[in-house]
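In the working numbering, each residue carries its 1-based index in the sequence shown increased by 44. These notes are about the structure you will find just below.
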Amino acid sequence: MMEEKIKQLHQEILDFSAGDKQAVEAFRLKYISKKGVLADLFEDLKQVPVEQKKNIGKVLNELKQAAEAKFAALNESVESSSSSADSGMDLSLPPVQNKIGNFHPLTQTRARIIEIFERLGFNVADGPEVEDDWHNFSALNFPENHPAREMQDTFFVEKNPDILLRTHTSNVQIRLMEKQKPPIRAIMPGRVYRNEAISARAHCFFHQVEGLYVDKNVGFADLKQTLYHFAKEMYGKDVKMRFRPSYFPFTEPSAEIDVTCLICKGKGCNVCKYSGWVEIAGSGMVHPNVLRNCGIDSEEYTGFAFGMGIERVTMLRYQINDLRLFSENDIRFLRQFQGG
Ligand SMILES: [Zn+2]
Numbered sequence: 045m046m047e048e049k050i051k052q053l054h055q056e057i058l059d060f061s062a063g064d065k066q067a068v069e070a071f072r073l074k075y076i077s078k079k080g081v082l083a084d085l086f087e088d089l090k091q092v093p094v095e096q097k098k099n100i101g102k103v104l105n106e107l108k109q110a111a112e113a114k115f116a117a118l119n120e121s122v123e124s125s126s127s128s129a130d131s132g133m134d135l136s137l138p139p140v141q142n143k144i145g146n147f148h149p150l151t152q153t154r155a156r157i158i159e160i161f162e163r164l165g166f167n168v169a170d171g172p173e174v175e176d177d178w179h180n181f182s183a184l185n186f187p188e189n190h191p192a193r194e195m196q197d198t199f200f201v202e203k204n205p206d207i208l209l210r211t212h213t214s215n216v217q218i219r220l221m222e223k224q225k226p227p228i229r230a231i232m233p234g235r236v237y238r239n240e241a242i243s244a245r246a247h248c249f250f251h252q253v254e255g256l257y258v259d260k261n262v263g264f265a266d267l268k269q270t271l272y273h274f275a276k277e278m279y280g281k282d283v284k285m286r287f288r289p290s291y292f293p294f295t296e297p298s299a300e301i302d303v304t305c306l307i308c309k310g311k312g313c314n315v316c317k318y319s320g321w322v323e324i325a326g327s328g329m330v331h332p333n334v335l336r337n338c339g340i341d342s343e344e345y346t347g348f349a350f351g352m353g354i355e356r357v358t359m360l361r362y363q364i365n366d367l368r369l370f371s372e373n374d375i376r377f378l379r380q381f382q383g384g
């Protein structure tokens with residue numbers, strides 16, 4: 045009897061399970077395709093006597109809906125299980141660590157230098173990189189014919205009046221002394237520019253930190269003690285330091301400062317040119333002309349100033365032998381300075 049057959053099929057459809065796409069396709073072919081069981085039953089329905097047609101038609105339609113719902117459910121379950129298998133994702137693996145990056149080695153050294161001087165009571169001062177002649181040269185006691193003013197050493201933005209890219213951060217010292225009365229105790233970190241051929245030892249831009257201390261009774265002993273403290277903090281307490289007489293237009297007397305070579309510990313190597321010493325800074329007592337140029341009474345006040353290259357300090361700190369590495373942005377180089 046037809047009604048019995050439909051009931052049986054209904055149960056069969058509900059119980060059907062498929063593990064893969066082939067089984068789902070088999071289900072479709074067997075039950076709901078044009079040559080499937082359901083199509084046959086609808087064909088058979090035409091032969092059913094009129095008084096039974098309504099009843100059998102109803103259960104047959106229910107069977108059809110059940111078969112279509114089952115087909116959709118089978119498809120969905122097969123697809124969701126295969127998509128997680130195909131992606132090859134292994135949920136038991138440990139998560140990938142987020143790389144948060146690190147500061148540039150020059151930034152790390154700059155931060156360390158600031159930290160050391162801030163503990164001695166120095167403030168951080170800033171100033172423009174595009175500067176006029178007065179703040180970069182004239183106020184610093186550079187004579188009119190000094191070679192640093194020539195085109196081959198300085199990048200000029202304009203001539204007459206001269207506007208240039210600062211060749212040192214001393215312009216910040218001048219600006220500070222012009223607007224602030226002593227005592228002044230500040231360091232000036234920043235980028236500077238010189239018209240030099242790029243090599244392992246020179247670049248057309250680099251970074252400096254200068255320091256300035258102006259007050260009553262500031263003497264050369266203060267300068268020595270301050271820089272000695274810095275060298276010990278920066279390079280370790282066993283470092284030795286020496287002052288060599290030198291000349292700068294803006295300081296009198298002037299001295300260059302060397303520390304024992306950290307690479308050979310003073311025995312001599314190619315970095316220190318077999319002298320055992322490496323120059324780290326220039327320094328001196330601020331020239332009275334410079335104080336007067338900034339409106340400070342040079343009879344009442346004295347001061348010391350110093351300047352060092354951040355690249356040089358960093359090269360010594362990490363034993364780097366080529367200045368160009370700092371600006372090439374090679375990730376293999378930069379990645380070696382984690383933790384800053
Ligand atoms: Zn050496």
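Positions of the beta carbon are idealized from the N, C-alpha and C atoms, including for glycine.
Is the closest heavy atom of ligand 1 to the C-beta of Val315 under 7 Å? The answer is yes for Val315.
Enumerated in chain order, which unbroken segments of the beta strand (DSSP E) with a length of 3 residues or greater are wholly contained in the region 134 to 203? Entirely contained in the region 134 to 203, the beta strand (DSSP E) runs reaching 3 residues are, in chain order, 174 to 176 and 200 to 202.
At a Cβ threshold of 8 Å, is Gly145 touching chain D? In the structure shown, chain D does not exist; there is a single protein chain.
Assign Ala299 to buried or exposed, taking buried as 16 or more other Cβ atoms, counted over all protein chains shown, within 10 Å of its Cβ. When all chains shown are included, Ala299 counts as buried.
Helix, strand or coil at Tyr237 according to DSSP, with G and I counted as helix: Reduced to three states, the DSSP call for Tyr237 is strand.
For Met359, is the classification buried or exposed, using 16 other Cβ atoms within 10 angstroms of its Cβ as the cut-off for buried? Residue burial is scored here from C-beta neighbours: Met359 has at least 16 other C-beta atoms within 10 angstroms and is therefore classed as buried.
Does the beta carbon of Ile364 fall short of 7 Å from some heavy atom of ligand 1? Ile364 Cβ: outside cutoff for every heavy atom of ligand 1.
N- and C-terminal bounds of the alpha helix (DSSP H) containing Arg361: In the DSSP assignment, Arg361 falls within the unbroken alpha helix (DSSP H) covering Ile354 to Tyr362.
Which value, in whole angstroms, describes the spacing of the CA atoms of Lys203 and Phe181? Just so you know, the alpha carbons of Lys203 and Phe181 end up roughly 14 Å apart.
Quick check on Val283: does DSSP put it in helix, strand or coil? The DSSP-derived three-state label of Val283 is coil.
Same chain only: Cβ atoms within 7 Å of Phe381, ignoring 5 sequence neighbours per side: Within the same chain, Phe381 has close Cβ partners Asn146, Pro149 and Gln152.
May I ask you to verify whether the region 230 to 244 touches the region 264 to 276, counting CB pairs closer than 8 Å and requiring at least 3? A contact between stretches requires three or more CB pairs, one per stretch, nearer than 8 Å, and the region 230 to 244 fails this requirement with the region 264 to 276.
Among Thr295, Ser121, Arg154 and Gly312, which residue has its Cα nearest to the Cα of Ser15? Beyond the ends of the chain as shown, which are 45 and 384, falls residue 15; an answer cannot be given.
Counting Cβ pairs, one atom from each stretch, are 3 or more of them under 8 Å apart for the region 280 to 297 and the region 360 to 379? Contact between the region 280 to 297 and the region 360 to 379 is absent, because fewer than three Cβ pairs lie under 8 Å.
Closer than 7 Å by C-beta to Leu184: which residues in its own chain qualify, once you throw out the five before and the five after it? Chain order, please. Setting aside the 5 residues that flank it on each side, Leu184 is surrounded in the same chain by Ser214, Ile218, Pro293, Phe294 and Val334, each with a C-beta closer than 7 Å to its C-beta; the list follows chain order.
Could you compute how far the alpha carbon of Arg356 sits from the alpha carbon of Phe200? When rounded, the distance between both Cα atoms is 25 Å.
Distance, Cα to Cα, Gly347 vs Gly165? Those two C-alpha atoms are separated by around 15 Å.
The beta strand (DSSP E) spanning Ile340 covers which residue range? Taken as a continuous stretch (DSSP letters only), Ile340 belongs to no beta strand (DSSP E), as it is neither H nor E.
So, using beta-carbon positions, are Ala111 and Ile76 closer together than 8 Å? The criterion of a C-beta distance shorter than 8 Å is satisfied by Ala111 and Ile76.
Let me know if Leu73 comes out buried or exposed under the rule of 16 or more other beta-carbons within 10 Å of its beta-carbon. Taking all protein chains in view, the Cβ of Leu73 is surrounded by fewer than 16 other Cβ atoms within 10 Å, so the residue is classified as exposed.
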